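Participant:
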Amino acid sequence: MNNAVLVEGLTKTYPLGKGQPPLTTVDGIDFGVQEGEVFGFLGPNGAGKTTTMRMLTGLSRPTSGRATLLGLELARDLPGIKKRIGVVPESSNLYDELTAFDNLVSAALRQTADGAVIGCTYHRQALHQLRAGPFRLLWGWC
Numbered sequence: 013m014n015n016a017v018l019v020e021g022l023t024k025t026y027p028l029g030k031g032q033p034p035l036t037t038v039d040g041i042d043f044g045v046q047e048g049e050v051f052g053f054l055g056p057n058g059a060g061k062t063t064t065m066r067m068l069t070g071l072s073r074p075t076s077g078r079a080t081l082l083g084l085e086l087a088r089d090l091p092g093i094k095k096r097i098g099v100v101p102e103s104s105n106l107y108d109e110l111t112a113f114d115n116l117v118s119a120a121l122r123q124t125a126d127g128a129v130i131g132c133t134y135h136r137q138a139l140h141q142l143r144a145g146p147f148r149l150l151w152g153w154c
């Protein structure tokens with residue numbers, strides 16, 4: 013059976029500033045997930061679960077190490093990986109400080125490879141409500 017996910021020595025370190033040692037949030041982890049296997053990623057708060065998932069989904073760049081997802085190398089083929097994976101976060105990825113419309117535009121900019129806004133057709137009244145309304149309006153749309 014093939015590995016759907018293979019992680020070797022994955023590390024994430026953040027610089028803290030002048031005179032302070034860097035903060036390592038993920039420290040050289042190794043694991044594999046076989047095709048068809050159900051895998052639970054468990055650990056206490058601060059263990060690096062979210063940081064690891066952010067690296068594997070391309071939201072954060074690893075400091076070092078290697079990851080392969082569905083046969084594609086994370087460092088070399090992130091666009092190909094993104095086309096083949098889906099992520100369901102525990103909580104909303106919407107920004108409280110943005111309107112619903114601005115959250116849609118932000119998501120569109122993040123999802124397109126060339127930074128172009130995805131063309132969407134909305135009923136004029138609905139678009140007007142989204143433009144001025146809070147981001148919570150999206151909960152019924154997504």
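Following this note's numbering from start to finish, the sequence shown increments by one per residue and tops out at 154. Cβ atoms here follow ideal geometry from the backbone N, Cα and C, with glycine treated the same way. Note that the structure is a prediction, hence the values are computed from the model and not measured.
Helix, strand or coil for T69? Go by DSSP, reduced to three states.
Facilitator: Here T69 sits in coil by DSSP.
Participant: How many angstroms separate the CA atom of Y134 from the CA atom of A112?
Facilitator: A caution first: Y134 carries a pLDDT of 43, below 50, which makes its placement in the model unreliable, though a value can still be read off. So the two alpha carbons sit approximately 13 Å from each other.
Participant: Around the C-beta of P56, are 16 or more other C-beta atoms found within 10 angstroms, so that it is buried, or is it exposed?
Facilitator: When all chains shown are included, P56 counts as exposed.
Participant: Is the CB-CB distance between T23 and V45 below 7 Å?
Facilitator: Result no, Cβ atoms of T23 and V45 do not sit closer than 7 Å.
Participant: What is the DSSP secondary structure of D114, reduced to helix, strand or coil?
Facilitator: Looking at D114 - three-state DSSP - the assignment turns out to be helix.
Participant: Report the rounded CA-to-CA distance for K95 versus L116, giving the unit in angstroms.
Facilitator: Computed Cα separation, rounded: 19 Å.
Participant: To the nearest angstrom, how far is the alpha carbon of L110 from that of R66?
Facilitator: The straight-line gap from Cα to Cα measures roughly 22 Å.
Participant: When the Cα atoms are used, what is the spatial distance from S76 to D42?
Facilitator: If you take the alpha carbons of S76 and D42, they lie about 12 Å apart.
Participant: Helix, strand or coil for G98 per DSSP?
Facilitator: Note: G98 maps to coil in three-state DSSP.
Participant: Looking only at DSSP bridge pairs, what is N15 linked to?
Facilitator: Paired residue(s): Q46.
Participant: Using DSSP's beta-bridge definition, name the partner residues of T25.
Facilitator: Answer is T36, bridged to T25.
Participant: Provide the residue span of the beta strand (DSSP E) that contains T75, from first to last.
Facilitator: Where T75 is concerned, there is no enclosing beta strand (DSSP E), given that its DSSP letter is neither H nor E.
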